Amino acid sequence: MELIYEKSVPGRSGVRVPIADVPKVVGFPPELRRQSPAAFPEVSELDLVRHYTNLSRRNFSIDTNFYPLGSCTMKYNAKIMENAAALFANCHPMLALLPGGEQLVQGPLSLVYELERQLAEITGMDEVTTQPLAGAHGEMTGIMVIAAYHKARGEKRKYVIVPDSSHGTNPASAALAGYEIVTVPTAPYGDMDLDAFRAAMNDQVAAVMMTCPNTLGIFNPYIAEICEIAHQAGALTYYDGANLNAIMGKVRPGDVGFDVIHVNLHKTFGTPHGGGGPGSGPVGVRKELIPYLPTPRVVRKEDGSFAVEAHPEGIGRVSDFFGNFGIMARAFAYITLLGREGLIEVSEQAVLNANYMMARLKEEYELPFDTTCMHECVFSASRQLKDGVHAIDIAKYLIDRGFHPPTVYFPLNVKEAIMIEPTETESKETLDAFIAVMIEAARTAKRSAQELQEAPVTTPVGRLDETRAARALQVCCE
Amino acid sequence: MELIYEKSVPGRSGVRVPIADVPKVVGFPPELRRQSPAAFPEVSELDLVRHYTNLSRRNFSIDTNFYPLGSCTMKYNAKIMENAAALFANCHPMLALLPGGEQLVQGPLSLVYELERQLAEITGMDEVTTQPLAGAHGEMTGIMVIAAYHKARGEKRKYVIVPDSSHGTNPASAALAGYEIVTVPTAPYGDMDLDAFRAAMNDQVAAVMMTCPNTLGIFNPYIAEICEIAHQAGALTYYDGANLNAIMGKVRPGDVGFDVIHVNLHKTFGTPHGGGGPGSGPVGVRKELIPYLPTPRVVRKEDGSFAVEAHPEGIGRVSDFFGNFGIMARAFAYITLLGREGLIEVSEQAVLNANYMMARLKEEYELPFDTTCMHECVFSASRQLKDGVHAIDIAKYLIDRGFHPPTVYFPLNVKEAIMIEPTETESKETLDAFIAVMIEAARTAKRSAQELQEAPVTTPVGRLDETRAARALQVCCE
Amino acid sequence: MAYCPNTPEEIQEMLAVIGAKSIDELFSPIPEALRARSFDLSEGMSEFELMRVMQEKAAAGGTEVVPFIGGGLYDHFIPAAVDHLSSRAEFYTAYTPYQPECSQGTLQALYEYQSAICRLTRLESSNASLYDGGTALAEAALMAMRITGRHAVVLDQSVNPLHREVVQGYLANLSDKVVEVAPSGCSSDIEALMAAIGEETAAVIVQNPNFFGSVHDFTALAAKAHEHEALLIVSCYPISLGLVKPPGEMDADIAVGEGQSLGNKLSFGGPYFGFITTRKRYIRNLPGRIVGETIDKSGQRGYVLTLQAREQHIKRQKATSNICSNQSLCALRGLMFTAALGKKGFEELAALNYDKAQYASAALIGINGVSVLNEGATFNEFTLSLPKAASDVVAKLLASGVAAGVPLGDYYPDLGLENALVVTVTEKRTRAEIDRLVVLLEEALWS
Amino acid sequence: MAYCPNTPEEIQEMLAVIGAKSIDELFSPIPEALRARSFDLSEGMSEFELMRVMQEKAAAGGTEVVPFIGGGLYDHFIPAAVDHLSSRAEFYTAYTPYQPECSQGTLQALYEYQSAICRLTRLESSNASLYDGGTALAEAALMAMRITGRHAVVLDQSVNPLHREVVQGYLANLSDKVVEVAPSGCSSDIEALMAAIGEETAAVIVQNPNFFGSVHDFTALAAKAHEHEALLIVSCYPISLGLVKPPGEMDADIAVGEGQSLGNKLSFGGPYFGFITTRKRYIRNLPGRIVGETIDKSGQRGYVLTLQAREQHIKRQKATSNICSNQSLCALRGLMFTAALGKKGFEELAALNYDKAQYASAALIGINGVSVLNEGATFNEFTLSLPKAASDVVAKLLASGVAAGVPLGDYYPDLGLENALVVTVTEKRTRAEIDRLVVLLEEALWS
Ligand SMILES: Cc1ncc(COP(=O)(O)O)c(C=O)c1O
Ligand SMILES: Cc1ncc(COP(=O)(O)O)c(C=O)c1O
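Residue numbers (my numbering), protein chains in the order written: chain V, 27 to 504; chain L, 27 to 504; chain P, 3 to 449; chain Z, 3 to 449.
Written out as structure tokens, the structure reads:
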């Protein structure tokens with residue numbers, strides 16, 4: 027398909043701007059003017075609409091395809107959430123910071139406050155900030171809070187420990203907060219090696235970051251011990267809540283002994299992924315850490331009204347206002363709609379679907395850690411590799427059959443990883459259809475590696491040359 | 027694709043209904059209860075969303091494809107119209123009929139009134155009713171008004187005259203109003219034969235229905251004479267405004283001598299076609315006919331406020347309230363947005379695009395009436411027929427190339443008709459791309475009829491067996 | 003701003019190809035004498051100004067009023083998914099699926115819609131929609147006339163008065179034998195209806211629940227009609243069919259109805275859709291478009307417009323109806339509504355309407371001097387008798403932001419119903435709203 | 003209601019396949035001692051009740067207030083098409099385009115977005131979006147540190163104070179050398195900024211227009227920075243670039259900005275997006291995702307995520323940034339906004355903002371005691387000096403439904419700006435609204 031710029035015709039005009047209802051007073055100084063107009067496309071509104079409508083049709087998406095991308099919780103994004111969030115489209119956040127402005131925005135302020143309370147209850151933490159704009163941003167915020175905590179106690183610790191199965195954002199976020207990273211390998215039971223962890227722990231460690239269930243979909247039974255070991259060394263414990271979808275109502279990280287947690291509203295709480303974002307990554311903390319949360323805080327006053335308060339000891343601001351409010355509004359709607367029982371059902375059904383998937387596929391695919399899984403299961407294409415078929419070939423074959431592939435090549439500690447997270451919103455019928463194709467792929471691998479290697483053939487483009495892209499570095503059209 | 031019913035799983039549930047907040051008082055009498063629940067599908071919300079999202083992708087549409095369906099004015103449906111209409115989603119029309127209710131609905135009432143004024147000015151008529159729900163409904167309403175007029179004058183006339191190129195709804199609507207139909211053939215210059223018309227006219231004729239420009243895209247230069255001839259015989263003149271897109275600001279049927287007109291808001295005024303409707307077919311009349319318009323009328327009172335008045339001499343109601351208000355709101359928005367100059371530009375560009383199309387294609391395709399056209403042009407596939415290629419084969423070939431076909435086999439007085447209405451919202455580039463494929467089709471016809479006869483091959487289904495459908499009469503899934 | 007893309011340069015190029023000097027020249031077939039004498043419209047504007055105009059009008063749209071009114075159109079809950087799905091551009095910017103291969107989306111959806119209507123009414127064949135409830139009823143009458151070859155129609159006066167007007171209008175030039183039969187109290191007078199059926203009767207037309215809210219079983223009426231080789235036409239309120247015996251279970255021949263309550267916004271009167279269903283043997287007499295199942299060359303299932311030979315574009319004046327554009331998108335919304343709620347949800351919805359109306363009527367008759375006029379069962383509407391003129395009471399409550407109901411006096415001037423009020427209670431009316439209605443009504447009547 | 007489709011029967015079938023007796027059994031890997039001690043949430047509800055809750059909150063959202071406030075977020079007109087197109091389900095329910103063959107929609111759109119940002123700023127390389135304006139500025143500072151291998155940053159205090167807080171927060175654990183330079187009046191103190199650049203300086207950070215609304219040409223500052231082998235980072239307001247000299251024309255090295263004004267709703271603070279652009283030679287130092295053009299086997303053009311080796315999922319702690327999910331959908335809206343308005347429309351929009359602000363400032367300084375503090379040019383914001391504390395005046399006008407501006411006192415406690423007010427006038431403020439602001443302000447000051 028042509029680029030929108032290639033559809034541009036000099037002199038063609040699109041949407042009309044509002045009509046000037048004021049006289050021109052003085053001209054803008056020529057020396058400060060831009061030399062030539064920004065070369066945006068000159069297209070009609072129909073050109074625009076047809077271009078992006080057709081472009082959208084070149085995507086797989088939850089609304090069109092099963093999308094079991096592991097570690098991403100691609101559950102159904104309920105349409106009512108869109109309607110709920112749209113109600114706030116015209117609320118200006120700056121109003122909340124104006125003198126006398128709080129009273130005018132009690133509605134959205136109450137939403138921030140109540141969502142923080144809901145998330146605190148779900149995770150078992152004492153306070154939550156919604157300011158971080160995605161999961162990784164939450165991690166960075168959480169580790170900055172931890173750094174501030176240590177600093178306030180006059181300590182300057184140097185390290186953060188992460189397991190090798192952790193998501194790349196964990197070490198990256200900790201590094202951004204000024205820490206050096208210590209990586210601990212995975213034990214045969216599928217989670218961080220406890221002895222290696224013990225060995226790595228010392229009084230220079232600021233925190234350990236755990237994902238639980240981890241990215242292998244396994245719940246670490248030693249998680250309380252890990253917290254204890256850390257706490258004994260004066261280190262804090264960080265919980266990456268990306269996989270919270272598995273355990274709502276079952277386990278609360280706060281109860282287990284975690285000090286800081288982030289959750290991904292765009293995973294567990296059903297907000298749409300937007301082709302890569304926006305998300306939202308609220309951070310919850312235990313009581314002792316509350317002072318270090320970002321500023322400002324939305325508080326509830328004695329009279330029941332809501333106010334915006336500066337939080338002077340905090341780490342400052344990690345974003346301008348109260349976070350990605352539109353995403354928060356969707357998550358609040360989701361939690362409020364589902365309620366206590368609904369959220370428990372979510373986790374139960376997510377775990378059921380993942381275990382069903384695992385049980386049905388483990389005959390054909392290598393399962394490196396064969397144990398009851400939580401919300402996702404991780405296979406390896408190692409058996410298929412013997413026939414020259416890689417995880418990526420299976421992924422592309424799935425595309426031809428109308429399924430978005432699982433996550434492949436992550437976690438890094440599994441060779442040829444195929445990480446499947448069906449989520450609770452998919453039905454047995456859908457799972458069965460997917461399983462049938464996965465089995466077909468495994469059998470085809472034995473028969474004809476080439477057939478898989480040539481996939482996909484039904485898409486607007488075939489496999490793309492990534493090396494060429496990285497060499498050419500054509501990232502913007504002239 | 028499976029039917030939604032085939033995706034049903036017993037016991038699966040979809041959207042939750044509101045929660046009961048009242049106690050049950052008394053049960054419903056068992057003898058009046060339905061025996062078994064309506065067998066609606068039992069699907070989850072995700073099943074529902076995925077099904078209809080994928081189903082939608084099996085359509086061509088204006089937003090995805092050039093759609094030059096002749097006589098249908100498939101112009102771009104501006105998105106702002108959708109937003110404008112949505113504002114009125116929750117207005118209950120019954121409020122307007124309650125004692126004291128008019129004051130509460132001044133906004134929508136003013137819209138009805140103002141739209142009627144706009145349409146009256148555009149068509150040159152004295153009054154307009156927006157009650158008819160589509161073009162054909164407008165025709166029926168208009169002819170009923172004509173019947174009421176004759177009746178009030180103590181006359182009971184028997185016939186309505188239509189040209190053979192007229193749209194099928196014209197004779198059908200007139201028949202519904204109790205008239206017998208006299209069909210007049212087309213003269214070599216492409217419109218109703220004037221002499222034959224004169225011969226058909228007598229004091230038993232209630233009306234003549236003209237489409238101008240007609241369905242061949244030709245403006246009838248004798249239109250004023252036709253009106254005169256009719257009026258001399260005491261007959262009235264009806265103008266089918268489906269093709270008004272050609273002449274806005276250029277000709278007003280009222281000025282020419284027409285007594286009654288309907289317009290299709292879903293054609294000329296850019297409202298979306300909805301896969302076959304809803305439309306809206308307001309009817310305009312000359313002063314003498316105002317008494318016979320349907321009841322009620324929205325009137326403007328001396329104080330500037332709007333009221334709903336009974337219209338006792340009228341033909342009664344043709345629909346419950348004020349017409350397809352949501353469509354009217356879009357049309358009002360369209361007219362208001364474009365304004366006088368915009369509407370003139372519409373007609374000029376529509377005529378330019380059609381003449382360009384005609385000029386570029388007439389070398390390859392037979393043009394039965396080779397004269398400057400208005401908003402559309404009608405070719406015949408008669409040359410291609412010599413090679414065994416029908417209009418329908420060309421149509422299907424176009425589908426494979428990403429274009430919605432023009433109207434084929436209409437008007438009925440052109441053999442193998444191909445009726446192309448590009449509309450003003452399409453660009454020269456789009457026209458050129460379409461023309462290139464049309465030329466390619468004509469050349470392919472000479473080379474290989476089969477290639478065209480086998481089209482389409484890119485669609486989810488190939489050519490469908492219509493005879494089988496009409497024999498099996500499977501119109502509802504068990 | 004006319005959404006016209008061609009640039010001045012392109013226009014010149016195009017004129018050159020055409021061989022015309024100017025756009026004006028293209029209009030030369032139009033004699034000067036016929037040119038427009040006026041075209042006095044306002045100047046155009048941008049989206050921004052337009053939305054200010056529209057918002058101002060919409061703000062004066064009465065949406066703050068709590069509606070206990072129906073009269074054929076109902077304030078029902080619409081699942082969010084219905085809006086999202088029906089506003090897929092591929093659905094709403096397509097037209098009639100004349101070319102089935104590139105219109106399977108619309109065609110399959112309409113086939114599913116026809117199936118939904120059959121399942122709803124328990125009849126066998128449906129079309130792809132009609133304009134609205136009133137015109138559907140008129141089309142049903144015409145259809146019965148075609149089937150029976152007769153011209154007389156018996157019309158229950160407890161059918162929605164607006165719909166009766168439409169039927170009378172449609173039949174005005176085709177039949178002079180429309181007999182209206184008055185109700186007995188708030189009930190359809192089944193005895194009188196039976197008595198009115200004769201050898202010339204094409205059909206007897208009733209509504210369930212009727213305009214007063216009363217629910218009937220018309221099985222006996224159907225039998226009587228069939229005795230005379232006449233048809234029974236039942237106009238029905240689709241939501242009620244989640245609970246109430248459907249026309250098909252009453253042996254009705256044709257069922258029609260206003261589809262608005264199935265997922266269509268009130269939108270000040272439209273667009274909605276009318277539905278029609280009948281026995282399989284009458285399918286060729288149906289008006290409008292019909293979608294049928296078939297296969298392609300390779301045996302794949304697909305959908306097409308079928309029985310087109312009945313339609314105006316082929317049969318012209320001999321067509322079964324003049325309808326061309328119908329209300330496809332609204333019918334699609336209707337389909338989606340039924341599928342979103344599903345078998346169980348649809349039943350629950352009807353039950354909830356019933357329960358809320360029962361709760362309301364029980365509370366309202368607690369007011370001194372207020373009673374319910376319906377003798378038998380009702381669904382979500384009932385008729386109250388008030389100790390004052392209903393119009394005055396309604397006007398009074400409107401001032402407090404509540405539309406208490408539809409006063410019957412104007413619609414039945416001869417039946418002495420000045421004090422009668424039809425109250426509608428859908429599932430959207432909360433207990434608090436109902437309780438407030440009771441308080442306000444009591445105030446209006448007694449203080 | 004948890005959107006879980008499996009029926010009890012299916013659940014049993016699945017458990018049987020798994021070989022588990024109950025769902026509880028699946029949770030057996032979780033030791034009892036770790037089970038949740040509480041889960042005290044309210045009961046669920048249906049869409050209907052939910053929307054009542056949400057509507058109540060939204061009704062108390064301040065949307066009736068006429069905003070003359072900006073502070074980095076602006077009330078701009080958004081073409082209807084932007085909403086319609088960005089809410090295509092295939093866009094908003096997809097995720098990061100890891101699998102390019104079935105994600106060309108998102109990938110091509112992001113490539114077009116990157117191109118739009120380059121065209122807007124006149125720089126050469128952009129990424130696929132960052133979180134917001136403040137974090138983009140922080141990322142730019144980090145990027146400059148990576149490029150130069152230095153740790154000191156010079157930060158103009160006339161940069162948005164909220165953004166400065168974010169930058170300070172991001173750098174807190176990585177650099178202790180952030181030097182803030184106070185403005186001179188409402189102007190960035192270019193001399194002082196130049197003087198602050200030293201051999202340790204990684205970058206000097208400015209904003210255009212600055213927080214007071216003043217527009218600068220930073221070309222000389224860029225030259226000075228380059229003399230010291232430091233970079234110039236300019237944070238800019240995209241709408242202003244329809245009129246104002248872009249960073250690329252000032253020889254800036256990195257340009258960033260808050261993208262909200264490009265087609266994103268205010269939505270009480272987000273989601274918006276941050277953009278970042280730089281010279282081609284620094285592309286490998288960009289944070290976040292980058293889409294690049296390539297071809298498939300048959301030579302067809304296509305788009306992929308490229309330079310992934312910089313990113314956290316490969317480089318982990320050595321990545322150029324920790325960002326993973328970005329603000330793709332908001333960036334898409336930004337792209338659509340630029341394409342909807344196009345080259346000409348975008349220029350017109352900027353000019354209109356300028357003209358309206360000029361009209362407003364001319365009218366406002368007609369009030370006794372009110373003057374404009376900006377010395378040079380402004381765009382659509384300007385700083386007024388009032389004869390009273392700006393906070394009090396703003397509070398007073400808020401009570402009349404007008405947000406008159408952002409009082410500067412709290413943000414610049416040391417600069418004696420208690421009486422200073424930044425007023426923003428976008429194209430959406432009508433003449434009538436501006437005139438009313440003038441009247442209300444005069445009243446607040448003098449009566
Ligand atoms: C385990 C885990 N942690 C953290 C993240 C980062 O979240 P985000 O993409 O919202 O920054 C992800 C996201 O993919 C994840 O799967
Ligand atoms: C010339 C003409 N007249 C009348 C009609 C009927 O209009 P509608 O489909 O709105 O009933 C049409 C529609 O296709 C038409 O083209």
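Glycine residues also receive a C-beta, built at the ideal position from the N, C-alpha and C atoms. Small disclaimer: the values here were computed from a predicted structure and weren't measured.
Taken in chain order, the unbroken stretches of alpha helix (DSSP H) that lie wholly in the segment 87 to 138 of chain L and span 4 residues or more are 105 to 112.
In this structure, ligand 1 has no non-hydrogen atom nearer than 7 Å to the beta-carbon of V:Ser345. For Z:Glu49, the chain P residues whose C-beta falls within less than 7 Å of its own C-beta are Pro81 and Ala82, listed in chain order.
Between Z:Ile316 and Z:Ser127, the C-beta spacing is not below 8 Å. Among the residues of chain V, those whose CB is under 8 Å from the CB of Z:Tyr356 are Phe54, following chain order. In the assembly as shown, L:Thr493 is an exposed residue. Its beta-carbon has fewer than 16 other beta-carbons within 10 Å.
Three or more beta-carbon pairs drawn from the segment 266 to 280 of chain P and the segment 113 to 125 of chain L are found closer than 8 Å, and the two stretches are therefore classed as touching. Placement of the Cβ of L:Thr449 at a distance of 7 Å or more from every heavy atom of ligand 2 is found. L:Glu335: member of the beta strand (DSSP E) spanning Phe332 to Glu335, first to last residue. Taking a C-beta cut-off of 9 Å against chain Z, the contacting residues of the segment 407 to 438 of chain P are Glu429, Lys430 and Thr432, listed in chain order.
Going by DSSP, Z:Cys120 is part of the alpha helix (DSSP H) stretching over Gln106 to Thr123.
Bounds of any alpha helix (DSSP H) do not take in Z:Phe70, whose DSSP letter is neither H nor E. By the neighbour-count criterion, in which a residue is buried when 16 or more other Cβ atoms sit within 10 angstroms of its Cβ, P:Ser24 is exposed. Listed along the chain, the chain V residues whose CB falls inside 8 Å of the CB of P:His86 are Lys105 and Glu108. In the structure shown, Z:Tyr94 falls within a helical segment according to DSSP collapsed to helix, strand and coil. Contact of V:Gly37 with chain P is assigned, a C-beta pair being separated by under 8 Å.
In this chain, the beta strand (DSSP E) harbouring Z:Asn210 covers Thr203 to Asn210. Under the Cβ distance rule, L:Val372 counts among the residues neighbouring chain P, one pair being separated by less than 8 Å.
Here the alpha carbon of L:Asn196 sits roughly 12 Å from the alpha carbon of L:Thr241.
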